[in-house]
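Chains A and B are the protein sequences, given in the same order. Numbered per this note's numbering, the first sequence spans residues 978 to 1112. Numbered per this note's numbering, the second sequence spans residues 978 to 1112. All residues carry an ideal CB built from backbone N, CA and C; glycine is no exception. To start, the structure under review is shown below, and the notes come after it.
Number of protein chains: 2
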Amino acid sequence: MLKLSKRTEYAIMAARYLALKNSGNCVTAKEIAEDYQIPYQFVAKVLQDFARTEMVSSIQGSKGGYVLNRLPEEISLIDIISTVEENHQLTECMQEDANKTSCEHIDCCKIRDPLIEVQRKIDSLFAQTSLKQIL
Amino acid sequence: MLKLSKRTEYAIMAARYLALKNSGNCVTAKEIAEDYQIPYQFVAKVLQDFARTEMVSSIQGSKGGYVLNRLPEEISLIDIISTVEENHQLTECMQEDANKTSCEHIDCCKIRDPLIEVQRKIDSLFAQTSLKQIL
DNA sequence: TTCAAATAAGACTAAATTAGTCGTATATCA
DNA sequence: TGATATACGACTAATTTAGTCTTATTTGAA
Ligand code: SF4
Ligand code: SF4
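What follows is the structure, given as structure tokens:
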């Protein structure tokens, strides 16, 4: 538990690569996969997620690839994590509007509120860590 | 990812229960399981883990159960998590002595050092949160 | 206009982890 | 000696993660 998925690790690597090579023309998923020895299809999907949230622009076709849209100091770990992981929270019940569908214990659970506070602190930690610090 | 396991949630609940009922005689796993509507066998194992690290004392036999050995303010979330989860880290490579067996990319990985720093901060966050704050 | 190289995306499979159960042994009190 | 409790390993089922396959589409250049 509390482990980052490979998906997230690859996402951080890819974002870092884009930030470093952002001088001029775009970068392909293949290039990143080969450079870091990580599965091509996997990293490609992560980049597609980035494109969907407009963190990067994707250019289709031959000579295509990806370009970072924002400055490394304007991208935080929480941006990266939340685009590639649909649920990056400590428990199923962390959202304000969580209900019994999220967790059957929600009505009597006494540890939820303290955990929400811990979650807030962790999120703030990730928000404070920018891509620039990882270059 | 980054989700606490049910094992950890039950552990926090059980520790909290012990801290609240620590007035006098001991508390059984059955009592905790029934009170929180969580699986008996599961919470029993968590309590056995606690006993192994001497966070609680276990009393066998009839009229047996568990008693907290330390004050709630002397028990932190990191104590609880590290006793019930053998590996609570962000990646497989967080230990100082990690090698290629941990992760094949370890020699060329550029995100490891920044992640170790994030890990340090998360651990410190858990260390600063005491059981007393969760009562 | 056709080929090569690239993104886009959904379906699928395999491996690993998590959650929970079962069975049996042991200890202790009444 | 029986009831009640911990101790603990083995097992199973469910879920999640990691990775692959396939097909479609876009675009630049020969
Ligand atoms: S309500 Fe309590 S038991 Fe349920 S997911 Fe939230 S913290 Fe965990
Ligand atoms: S070495 Fe890098 S890729 Fe491997 S587990 Fe550590 S952070 Fe992840």
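Contact check for A:Asn1046 and A:Ser1034: beta-carbon distance about 6 Å, within the 8 Å limit, so the pair qualifies.
Taking 7 Å as the cut-off, one finds at least one heavy atom of ligand 1 near enough to the beta carbon of A:Thr1068.
Nearest to B:Cys1003 by alpha-carbon distance, out of B:Asp1012, B:Gln1105, B:Gly1041, is B:Gly1041. In this structure, A:Ser1053 sits near A:Ala1104, with a CB-CB distance shorter than 8 Å.
In the structure shown, B:Leu1045 falls within a strand segment according to DSSP collapsed to helix, strand and coil.
The three-state secondary structure of B:Ile1088, taken from DSSP, is coil. Counting only residues of its own chain and dropping the five nearest sequence neighbours on each side, A:Ile1055 has a CB closer than 7 Å to the CB of Asp1100, Phe1103, Ala1104. The beta carbon of A:Pro1016 does not come within 8 Å of any beta carbon belonging to chain B, so the residue lies off that interface.
Sequence-distant partners of A:Lys1077 (beyond 5 residues in either direction) whose C-beta falls short of 8 Å from its own C-beta, in its chain, are Ile1083, Asp1084. Among the residues facing chain B, A:Glu1050 is not included, as its CB has no counterpart in that chain under 8 Å away. Taking non-hydrogen atoms of ligand 2 into account, the C-beta of B:Arg1089 is found less than 7 Å away from one of them. Taking 8 Å as the cut-off, the beta carbon of B:Glu1069 is found closer than this to the beta carbon of B:Cys1080. Neighbours of B:Ile1057 in chain A, taken as residues at a C-beta separation under 9 Å, are lacking, since the least C-beta distance is about 11 Å. B:Ile1057 is the residue among B:Lys1087, B:Ile1057, B:Leu1112 whose C-alpha sits nearest the C-alpha of B:Ser982. Put simply, the CB of A:Val1095 is near chain B, with a gap under 8 Å to one of its CB atoms. Around the beta carbon of A:Arg1097, fewer than 16 other beta carbons sit within 10 angstroms, so the residue counts as exposed. For B:Ile1083, no beta strand (DSSP E) run applies, since DSSP gives it neither H nor E. Short note on B:Leu1108: C-beta not closer than 7 Å to any heavy atom of ligand 1. Taking A:Met978 as reference, the option from B:Arg1089, B:His1065, B:Ala991 with the minimal CA-CA separation is B:His1065. In terms of Cβ geometry, B:Ile1111 and B:Arg993 form a close pair [threshold 8 Å].
Nearest in C-alpha terms to B:Ala1021, of all of B:Glu1063, B:Gln1014, B:Thr1005, B:Thr1030, is B:Thr1005. Taking 7 Å as the cut-off, one finds at least one heavy atom of ligand 1 near enough to the beta carbon of A:Ile1083. Taking the C-beta atoms as reference points, A:Thr985 is found no nearer than 8 Å to A:Glu1051. Rounded to the nearest angstrom, the gap between the Cα atoms of B:Tyr1017 and A:Leu1092 is 23 Å. The continuous stretches of alpha helix (DSSP H) do not include A:Ser1053, and DSSP gives it neither H nor E. Boundaries of the alpha helix (DSSP H) harbouring A:Val1020: 1017-1029, taken from the DSSP string.
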